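Participant: Supplied in structure tokens, the structure appears directly below.
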Amino acid sequence: MKKTLFASCFIAASLLITSGTALADETISNPKAGTPEHTVAAALKAGLSGDFNAYLATVHPDEKSTQSQRDQRKKYEWKRFQKQAKWYITKKSPLTFVVANRRPDGKKAIRLFVRDQEHKESMPRPVKLKRDGRSWKISANSL
Numbered sequence: 024m025k026k027t028l029f030a031s032c033f034i035a036a037s038l039l040i041t042s043g044t045a046l047a048d049e050t051i052s053n054p055k056a057g058t059p060e061h062t063v064a065a066a067l068k069a070g071l072s073g074d075f076n077a078y079l080a081t082v083h084p085d086e087k088s089t090q091s092q093r094d095q096r097k098k099y100e101w102k103r104f105q106k107q108a109k110w111y112i113t114k115k116s117p118l119t120f121v122v123a124n125r126r127p128d129g130k131k132a133i134r135l136f137v138r139d140q141e142h143k144e145s146m147p148r149p150v151k152l153k154r155d156g157r158s159w160k161i162s163a164n165s166l
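Residue numbers (the numbering used here): 24 to 166.
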């Protein structure tokens with residue numbers, strides 16, 4: 024009896040764990056304006072089109088207030104991001120990507136972990152966003 028109960032509990036726990044993992048991925052397409060996903064989509068579109076100014080529009084004002092901050096973003100983050108943005112896209116029209124996980128950081132910040140479609144074995148990459156009025160803007164981008 025104890026062995027059967029233990030086996031049943033073990034199987035139930037395993038199913039719960041694996042089903043939770045499978046449900047974590049969320050395909051994002053046409054995200055609603057004002058959401059963190061909308062900002063990530065706009066950044067990915069900017070990366071695909073090579074438009075640094077459009078990308079900069081998705082960045083939080085605190086992270087681009089000085090010329091030095093903007094230069095650093097362009098020299099390092101943008102250089103990498105515009106080459107790799109295509110890795111995170113499942114479809115171009117409508118632009119579609121996969122969020123593997125979300126981690127709120129209080130009420131004014133969140134991390135979205137975006138799945139790399141080119142290198143499927145790699146861990147999802149985080150994008151940290153902070154509130155800016157009614158919208159969300161990127162404070163750190165690891166895509």
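Ideal Cβ positions, reconstructed from N, Cα and C, are used throughout, including at glycine.
Quantities reported herein were computed from a predicted structural model and do not represent experimental measurements.
Quick check: what's the CA-CA separation for His83 versus Lys151?
Facilitator: Residue 83 sits at position 60 when you count from the first residue of the sequence shown. Residue 151 sits at position 128 when you count from the first residue of the sequence shown. Distance between the alpha carbons of His83 and Lys151 is about 10 Å.
Participant: Is DSSP giving Asn76 helix, strand or coil here?
Facilitator: Locating residue 76 in the sequence shown gives position 53, counting from the first residue. DSSP places Asn76 in helix when its eight states are reduced to three.
Participant: Is it right to say Thr81 is buried, meaning 16 or more other beta carbons lie within 10 angstroms of its own, or is it exposed?
Facilitator: Within the sequence shown, the letter at position 58 stands for residue 81. So Thr81 ends up on the buried side.
Participant: Determine the burial state of Arg103: buried for a count of at least 16 other Cβ atoms within 10 Å of its Cβ, exposed for fewer.
Facilitator: As a first step, residue 103 is located in the sequence shown; it is residue number 80 there, counting from the start. Label assigned to Arg103: exposed.
Participant: For Pro118 and Gly57, what's the separation of their Cα atoms in angstroms?
Facilitator: In the sequence shown, residue 118 corresponds to position 95, counting from 1. In the sequence shown, residue 57 corresponds to position 34, counting from 1. Here the sequence assigns Leu to residue 118, which means Pro is not the residue at that position. For Leu118 and Gly57, the distance between alpha carbons rounds to 17 Å.
Participant: In the DSSP assignment, the alpha helix (DSSP H) including Ser91 goes from what residue to what residue?
Facilitator: Along the sequence shown, read from residue 1 onward, the residue named residue 91 stands at position 68. Its alpha helix (DSSP H) spans residues 90 to 95.
Participant: May I have the straight-line CA-CA distance separating His142 from Asn76, to the nearest angstrom?
Facilitator: Translated into the one-based positions of the sequence shown, residue 142 becomes position 119. Translated into the one-based positions of the sequence shown, residue 76 becomes position 53. Approximately 28 Å, taken between the alpha carbons.
Participant: Drop a sphere of 10 angstroms on the beta-carbon of Glu144, count the other beta-carbons inside from all chains shown, and report buried for 16 or more, exposed for fewer.
Facilitator: The residue given as residue 144 occupies position 121 in the sequence shown. With fewer than 16 Cβ atoms within 10 Å of its Cβ, Glu144 is classed as exposed.
Participant: Under 8 Å by Cβ, that's how I've got Leu166 and Ala108 pegged, so tell me the actual separation to the nearest angstrom.
Facilitator: Start at 1 with the first residue of the sequence shown, and residue 166 comes out as number 143. Start at 1 with the first residue of the sequence shown, and residue 108 comes out as number 85. That belief holds up - the Cβ atoms of Leu166 and Ala108 are roughly 7 Å apart, short of 8 Å.
Participant: Closest to Pro127 by C-alpha separation, out of Lys115, Lys153, Gly73, would be which residue?
Facilitator: Here residue 127 corresponds to residue number 104 of the sequence shown, with the count starting at 1. The candidate whose alpha carbon is nearest that of Pro127 is Lys153.
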